[in-house]
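Participant: Structure below; questions to follow.
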């Protein structure tokens, strides 16, 4: 028979689940508006520095082209005007116009990056304030055996910046905690709003999984002794600042690979343009250098090149908005690749409390009698299980008049749950009593009266087993009358309640190719039942930290990428081993150190959100790459006929857009190329919308939107711009 | 009538290739995975000091390929330079230095570009001991490299990709040699000559005297096609009645060119454990082939001008015994594989029709491509396609369970850079350096203007892609073209091989990621379409400007 506890202490993990799924706490995200642009402009100009541009080969190429065109534009009046290109005359302002738009192209790219970075800046500034130096009260010779509270130890005051790893400090109400650390003595309520944005204070205490405190947060009550666990300059807040500002951003493997592909495409187009004039000089007429540069800039993948780093920064920022801190971009990307998701049952899949779901009376007992007795015995039971019994009974019509049925109204004495009796109940004033509790305990209580038929025990056994087998927890209810004659009334079926909407979420994950594994300390029977109800693919019952670790390693050996959440110190090795380890902010320093993400809301279900953001990041990159390359088709049809139609009038049939003149065609293509960057900045920041589904369906949709769209859009865009450009005199 | 005949030919070809696909593909898969050696192979291994059971890492495999090829170039070069003193040389003198280098590079690189008139330049010894041997082994090298790449996909966490010498010998002795014997017999039945008679003096009907060259043509012809080599025994190649007497031998020659390249996807599917993957690659190759063939046939049948309209199509430069479809079929096959044999003169195709053979080669010869090189070229393109598609579905891209990371993309990107660079830089240099330009304009180009540019572009496209066909109308036996094209052929062959083997090594070392619902399936029509698209777009974007200056300008004006 399973161990039953009726009146456990308030559930230890209840605090982990303050929010419902699907409503992630979102910080107000900086939108892309005029204010952001103004704020980002200085940064955009600063980034024109070639030493910075060099890191983005595609845009560096554009900058070199812009500089070269500018020099040509300046020199032109002295060497005899722009003359002709490929046999066509171009207007006097042509080179200047190209130069200006090339500079704008570079600026727009820088602007995208600046805006993306700017969104983190505000948050970084708030965080910086928490980092201001405070005075720490350091214990000089801490003795944890004889003076754990450090009440007798000598204390020196030092600036928080001078604290070293392993130092012990004392913090009392009203003070800021001088550095990251673990509480080694005491309990306190702490205001962590500076970091989490959550104004309600949280309780932190020594030992257990809620011992970690973060430097910069304030102690609101009591006195705690903290052992510092971070070096100065490497605190959690420091890392957060670096992260939200994008300063510590390193390129992820996929980003590197994409950069290589873009660079090699650029090299191909450099070769195409460099070799064009020698060939044209034989077969046709050479093309002027500004036109060649224009051709090159149109062909190289500037759209994705301009937005690539903004996409990366925005991806991390999207996590920050959801109160998740990724310690590296690599982790965000890995999240998109996750194939196995380990989810703790309690708090993630179920509400964490068992709830009464059914009353199973013994033969010959009226259901209402059982309901009444169970409810009565639970009135004084403050646990969620207890109140769920009262609620269920109320649904069945068992209500207690407030005047008589409330805790005080019932005339009797409450028998609280203890670990020894494993029962709780009520001794009524008329001498009768009710007990509910673990089967064995209640049976022992009944047998003490010695007047029960063995068949009744068999009947009870059947009911208890049926409930156990279904994964529930049976709670036996019995009563004694005033004479001491005991009677078994029935069994209350307590079960773990799976959170709403989870089954759909898991089905969605399955469609995305992600296997969910439920981790629980329950016995296999219970685990199996809950796994089936929640719709997870697999479960690990009676799991120890070692089992969890072994499972991760097994999955990884099969080539899977594993994500998990954890908070306890004993989770740390598994968090470190997992490809994506999300530590709860309420957890221990060890756990936060081991994971590669920290969830400030401590909401384990957010793992699903993180996976989506990871995928969205990759898709956004892929979509804009596809769009960028597809754009080239239309640009060719704009520029190539413009370049050579002077010599080969027949090529005019390639001018399918019927652009006004060669000069306006080339300028329109360049303008389109620049403006499309601005138009796509919001998409780069927001990310491409991700709908869960199989890979094939997603690919078809994205190819249609960004591939086909990328081919069609510039035909329309360039034509429209040409209509405007053709109004300029000379073009 | 012509249409019916065309459909009949195409259907026969498709049927034969379909029948050959499974047995030949499976045979090759067994051949390259078996651990049994033939007795004479064992003695050969002992002779060159190779342990056939020892596996090679990719650098070791590459060293084998390069060492073998360097020796091949030197041997063919020396043989030509010493022709005057060799037996069975038909009294022909030593081949000049530049031409010897060009020819040696050409045959070792599986290109078979011929700057010369074979029957007037090469005696039997050079043809048989030098060129014919390279026809076999250069083809075997190509298949070996492709198989090594396939092993990269098939293996998990392995440091090795096979043994080059074993792959080379098996490809030569167990695949190409037996098929050649069968093919040669069929060709002889069809009327292809096979003798060692030298030149025969005959008196023509008009009473003039003519010198007719004979020679071991059928045996050369079969491996010329089977190994997608393309170097003919005669100058006019498969247009010559002694090489390709009838319409049905011409069709059979198509079969010979396509059999191995089209069956290799089966070998690939077999070796990676999923025939579906093989079918997908086959579908990509077949789609490109059919579209290209249809386009060229339509362009040639609809050629405008007085003569074509009277003749019912552009017949200039085509043999009447093959007709338009027989010519476009052969031209398409020859340039979509790396064969480069011709049974009609591509230079005489309609202006835009003449662009098709060029485009075929510019695709990188992947549909189905040269023996081996077609498969590895297509797999590299598949890696690029998978990378973009993988990002689009929100996963780190993977192909056949292998992650496509920075290293793989670097190698694949460099691969697609090589030939466009060689083609464009080679063509540009021909016009950019004044001395060379003067020589090119005065000596090489017979048709000045844009058509002349097309001829130079075609030459560099053919050489860099190891095709070997010529646009005609270009005298390439000059110091510049012999040297530049020779270098283009060697670089166009061996840089990609280096990259492919590196890729094989990097893939073999990886573990396999299991496929899930989130994995992009690479065997469905969707992926086939994507890969076709990537192949076409990459090519079109690279070559569009230069094609507008050549065939497009010519055709649209």
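Chains as they are written, first to last, in UniProt numbering: chain S, 1 to 731; chain R, 1 to 557. Glycine included, every Cβ here is placed at the ideal spot set by N, Cα and C.
Taking the Cβ atom as the reference point for each residue, do residue 609/S and residue 322/S lie within a distance shorter than 7 angstroms?
Facilitator: Their beta carbons are under 7 angstroms apart, which means residue 609/S touches residue 322/S by this criterion.
Participant: If we ignore side chains and look at the alpha-carbon of each, how far apart do residue 536/R and residue 213/R end up?
Facilitator: 43 angstroms
Participant: With a threshold of 7 angstroms between beta carbons, is residue 409/S in contact with chain R?
Facilitator: Caution applies to residue 409/S, whose pLDDT of 48 falls short of 50 and renders its modelled position unreliable; the value that the coordinates give is listed next. The beta-carbon of residue 409/S is placed no less than 7 angstroms from the nearest beta-carbon of chain R.
Participant: At the level of alpha carbons, what is the spacing between residue 521/S and residue 344/S?
Facilitator: Straight through space, the alpha carbons of residue 344/S and residue 521/S are spaced by roughly 9 angstroms.
Participant: Using the beta-carbon count (16 or more within 10 Å), is residue 93/R buried or exposed?
Facilitator: Residue 93/R sits exposed, since fewer than 16 C-beta atoms from the chains shown fall within 10 Å of its C-beta.
Participant: Short of 8 angstroms in beta carbon distance, which residues of its chain neighbour residue 26/S, apart from the five on each side in sequence? Order them along the chain.
Facilitator: Residue placement at residue 26/S is flagged as unreliable, the pLDDT there being 42, under the threshold of 50; the coordinate-derived value follows with that caveat. Result list for residue 26/S: 321 and 322, in chain order.
Participant: On the criterion of 16 or more Cβ atoms from any shown chain inside 10 Å, does residue 79/R qualify as buried, or is it exposed?
Facilitator: buried
Participant: Does residue 213/R have its Cβ less than 7 angstroms from a Cβ in chain S?
Facilitator: With 7 angstroms as the cut-off, residue 213/R does not count as an interface residue toward chain S.
Participant: Take residue 483/R and list the residues in its own chain whose beta-carbon comes closer than 8 angstroms to its own, dropping the five residues that flank it on each side.
Facilitator: 98, 101 and 102
Participant: With a threshold of 7 angstroms between beta-carbons, can residue 520/R be considered close to chain S, or not?
Facilitator: At a cut-off of 7 angstroms between C-beta atoms, residue 520/R counts as an interface residue with respect to chain S.
Participant: Among 536/S, 712/S and 684/S, which one has its Cα closest to the Cα of residue 307/S?
Facilitator: 684/S
Participant: Is residue 278/S close to chain R? Criterion is C-beta to C-beta, closer than 7 angstroms.
Facilitator: yes
Participant: List the residues of chain S that residue 450/R touches, going by C-beta distances under 7 angstroms, in chain order.
Facilitator: 283
Participant: Could you pull out every residue in the same chain whose Cβ sits closer than 8 angstroms to the Cβ of residue 725/S, ignoring the five residues on either side in sequence?
Facilitator: Shown here for residue 725/S: same chain residues with a beta carbon closer than 8 angstroms to its own, the five before and five after excluded, namely 660, 664, 667, 668, 671 and 731 in chain order.
Participant: Have a look at residue 122/S and residue 238/S and give me their C-alpha separation to the nearest angstrom.
Facilitator: 15 angstroms
Participant: Distance, Cα to Cα, residue 65/S vs residue 611/S?
Facilitator: 40 angstroms
Participant: For a contact defined as C-beta to C-beta under 8 angstroms, what are the partners of residue 544/R on chain S?
Facilitator: Simply 636 and 640.
Participant: Determine contact between the segment 412–427 of chain R and the segment 471–478 of chain R, defined as no fewer than three beta-carbon pairs at a distance below 8 angstroms.
Facilitator: The segment 412–427 of chain R vs the segment 471–478 of chain R: no contact.
Participant: Applying a beta-carbon distance threshold of less than 9 angstroms, which residues of chain S neighbour residue 541/R?
Facilitator: The contacting residues are 265, 268, 269, 272, 299, 629, 632, 633 and 636.
Participant: Check whether the segment 68–88 of chain R touches the segment 104–114 of chain R, counting contact only when three or more Cβ pairs, one atom from each stretch, lie closer than 8 angstroms.
Facilitator: yes
Participant: Along the chain, where does the beta strand (DSSP E) that runs through residue 542/S open and close?
Facilitator: Here residue 542/S belongs to no beta strand (DSSP E), and DSSP marks it neither H nor E.
Participant: List the endpoints of the continuous beta strand (DSSP E) containing residue 69/S.
Facilitator: Per DSSP, residue 69/S belongs to no beta strand (DSSP E); it is in the alpha helix (DSSP H), 57–79.
Participant: Tell me which same chain residues have a C-beta within less than 8 angstroms of the C-beta of residue 60/S, skipping the five on either side of it?
Facilitator: 50, 53 and 54
Participant: Among residues of its own chain, excluding the 5 on either side of residue 384/S, which ones have a beta-carbon nearer than 6 angstroms to its beta-carbon?
Facilitator: Counting only residues of its own chain and dropping the five nearest sequence neighbours on each side, residue 384/S has a CB closer than 6 angstroms to the CB of 353.
Participant: Beta-carbon within less than 7 angstroms of residue 375/S's beta-carbon, same chain only, minus the 5 sequence neighbours each way: which residues are those?
Facilitator: 389, 390, 393 and 398
Participant: According to a CB-to-CB cut-off of less than 8 angstroms, which residues of the segment 370–395 of chain R neighbour chain S?
Facilitator: Those residues of the segment 370–395 of chain R that come within reach of chain S (Cβ to Cβ, closer than 8 angstroms) are 384, 387, 388, 389, 390, 391, 392, 393, 394 and 395.
Participant: Quick check: the Cα distance between residue 599/S and residue 501/R, rounded to an integer number of angstroms?
Facilitator: 44 angstroms
Participant: Does any CB atom of chain S fall closer than 7 angstroms to the CB of residue 410/R?
Facilitator: yes
Participant: For residue 444/R, return the contacting residues in chain S, with the cut-off set at a CB-CB distance below 7 angstroms.
Facilitator: Chain S residues near residue 444/R: none, gap ~12 angstroms exceeds 7 angstroms.
Participant: Applying the criterion that 16 or more other CB atoms from any shown protein chain within 10 Å of the CB defines a buried residue, is residue 203/R buried or exposed?
Facilitator: exposed
Participant: Hey, is residue 156/R's beta-carbon within less than 7 angstroms of any beta-carbon in chain S?
Facilitator: no
Participant: So residue 278/R and residue 265/R are in contact, right, with Cβ under 8 angstroms, and what is the actual spacing, rounded?
Facilitator: 4 angstroms
Participant: Whose Cβ in chain R lies nearer than 7 angstroms to the Cβ of residue 601/S?
Facilitator: None at all; the shortest Cβ gap to chain R is about 24 angstroms.
Participant: Flag residue 22/S as yes if its beta-carbon sits less than 7 angstroms from any beta-carbon of chain R, otherwise no.
Facilitator: With a pLDDT of only 36 at residue 22/S, under the threshold of 50, the placement of this residue in the model should not be trusted, and no figure is reported.
Participant: Determine contact between the segment 443–456 of chain S and the segment 480–500 of chain S, defined as no fewer than three beta-carbon pairs at a distance below 8 angstroms.
Facilitator: yes
Participant: Please specify which runs of the alpha helix (DSSP H), each continuous and at least 4 residues long, are wholly inside the segment 462–514 of chain S, giving them in chain order.
Facilitator: 502–511
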